[in-house]
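S.K.: Dumping the structure here so I can ask a few things about it.
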Amino acid sequence: MGAADSLRQSPRAREVLRRARSVPEGFVTTYGDLCPGAPRFAGMVMSACHDPTVPWQRIVRADGSLAKGDRQRRLLEAEGVPFRGARVDMRVAWADVESLID
DNA sequence: GTGATGACGGAAA
DNA sequence: CTTTCCGCCATCA
């Protein structure tokens, strides 16, 4: 896994993970919020990240849909994250990372 | 330098 | 409401 390792260490990747860690239990944020302008990069970073201190389940798509299916859904429901059908209810569960990061 | 990749976003149909 | 399509961009080989 050489590529994935470097990915995890680049400055931007670290920022993505820093923001991801700032999302409180019971809330979610989006790939676009983790990396404004390059949401796909945030996805790559999350994909390569196996760090247990990163709450990966709290990162969802902008429309509230999930990238990791039922596994992710179970974890979020256990935290009390509200759903509307198959999607997270972003109106009440979205956490603004811009105001959470230092 | 070029081209491929991806846990995306959003506009259009 | 759902699906399709195209733009975006850091990173890597």
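When you read off a place in the first sequence, starting at 1, and then add 3, the result is the number in my numbering.
All C-beta atoms, glycine included, are put in the ideal place defined by N, C-alpha and C.
(1) Helix, strand or coil for Phe44 per DSSP?
(2) Compute the distance between the beta-carbons of Glu21 and Ile104, then report whether it is under 8 angstroms.
(3) For the candidate residues Pro14, Pro58, Ala89 and Glu28, whose alpha-carbon lies nearest to that of Leu69?
(4) Is it buried or exposed for Ser102, if we count other Cβ within 10 angstroms and need 16 for buried?
(5) On the three-state DSSP scale, how would you describe Arg64?
(6) Counting C-beta neighbours from all protein chains within 10 Å, is the total for Ala107 16 or more, i.e. buried, or is it exposed?
(7) My understanding is that Val26 touches Arg61, with C-beta atoms under 8 angstroms, so please give their C-beta distance in whole angstroms.
(8) Do you know how far the Cα of Gly67 is from the Cα of Arg87?
(9) What number of angstroms, rounded off, separates the C-alpha of Asp92 from the C-alpha of His53?
(10) Return the CA-CA distance between Ala23 and Thr32, expressed in angstroms with no decimal places.
M.R.: Reading it off the structure:
(1) Position 41 of the first sequence, counting from 1, holds the residue named residue 44. Here Phe44 sits in helix by DSSP.
(2) To locate residue 21, count along the first sequence from 1; it is residue 18. To locate residue 104, count along the first sequence from 1; it is residue 101. Here residue 21 turns out to be Arg, not Glu, going by the sequence shown. Contact flag set, yes.
(3) Your numbering for residue 69 matches position 66 in the first sequence. It is Ala89 whose Cα lies nearest to the Cα of Leu69.
(4) In the first sequence, residue 102 corresponds to position 99, counting from 1. Flag for Ser102 reads exposed.
(5) For the purposes of this step, residue 64 is identified with residue 61 of the first sequence, where counting begins at 1. Of the three classes helix, strand and coil, the one that applies to Arg64 here is coil, per DSSP.
(6) Any property of residue 107 remains undetermined from this structure, which presents the chain solely from 4 to 105.
(7) Here residue 26 is taken as the residue at index 23 of the first sequence, counted from 1. Here residue 61 is taken as the residue at index 58 of the first sequence, counted from 1. So it is a contact: roughly 4 angstroms between Cβ atoms.
(8) Residue 87 sits at position 84 when you count from the first residue of the first sequence. Residue 67 sits at position 64 when you count from the first residue of the first sequence. Cα to Cα, Arg87 sits roughly 9 angstroms from Gly67.
(9) Here the question's residue 92 lines up with position 89 in the first sequence. Here the question's residue 53 lines up with position 50 in the first sequence. So the alpha carbons of these two residues sit roughly 27 angstroms apart.
(10) Locating residue 23 in the first sequence gives position 20, counting from the first residue. Locating residue 32 in the first sequence gives position 29, counting from the first residue. Going by the C-alpha atoms only, they are around 8 angstroms apart.
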